[in-house]
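Novice: Here it is, the structure, as structure tokens.
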Amino acid sequence: MKVKLALSILPKVWIFDLDGTLVKHNGYLMEGDTLLPGVKELFEKIPETDFIIILTSRSEEYREITESFLKEHGIRYNAILFGLPQGERILINDIKPSGLLTAYAINKERDSELELEVIRITEL
């Protein structure tokens with residue numbers, strides 16, 4: 001599934017789930033991660049001024065191996081949260097006075113390619 005987003009030129013916060021979104025969901029085993037297609041390419045396109053948060057239900061005991069894997073594959077992030085519940089993730093944000101929407105959510109099939117086309121709009 002390819003998603004196209006028209007986003008402002010303002011710095012952004014990107015929030016990604018880990019298992020099934022960035023890496024192949026491997027049945028709750030914490031070793032042998034595989035980066036999903038399109039992930040590295042998307043992360044290379046995210047501007048350095050943007051903030052990246054990764055969320056995972058993995059427990060803290062897997063922090064070192066997970067962070068090593070991400071570093072080895074060039075996946076940069078500003079924060080990673082471990083031990084989160086497995087239920088829904090809900091994002092609520094306000095609309096700017098200009099009408100700019102400030103929250104987006106994308107649900108993708110587990111382990112599918114991450115295809116995201118970002119178009120930068122200059123009007124706020």
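At position 42 of the sequence shown (counting the first as 1) the number is 42 in full-length UniProt numbering, and the numbers step up by one without a gap. Here a beta-carbon is modelled for each residue, glycine too, at the ideal position from N, C-alpha and C. Note that the structure is a prediction, hence the values are computed from the model and not measured.
Nearest CA to the CA of I53: which residue from E109, A6, L70?
Specialist: L70
Novice: Which residues in the same chain have their Cβ closer than 6 Å to the Cβ of K4, if we skip the five residues on either side of it in sequence?
Specialist: Hits under 6 Å: E117.
Novice: With three or more C-beta pairs closer than 8 Å as the rule, is the stretch 84-93 touching the stretch 59-69?
Specialist: no
Novice: Taking the alpha carbon of G38 as the reference point, which residue from I80, K12, K24 has its own alpha carbon closest?
Specialist: Selection I80, K12, K24 evaluated against G38 yields K24 as nearest (Cα-Cα).
Novice: Going by CA-CA distance only, name the one from P47, L10, L55 that's closest to I80.
Specialist: L55
Novice: Given a threshold of 16 other Cβ atoms within 10 Å of its Cβ, counted over all protein chains shown, does I121 qualify as buried or as exposed?
Specialist: exposed
Novice: With DSSP as the reference, identify every bridge partner of L55, one or two as the case may be.
Specialist: D17, L81
Novice: Do L22 and I75 have their CB atoms nearer than 9 Å?
Specialist: yes
Novice: Give me the residue from H73, R63, E72 with the minimum Cα distance to L83.
Specialist: The question names Leu, but residue 83 is Gly in the sequence shown. Of H73, R63, E72, the residue nearest in Cα terms is R63.
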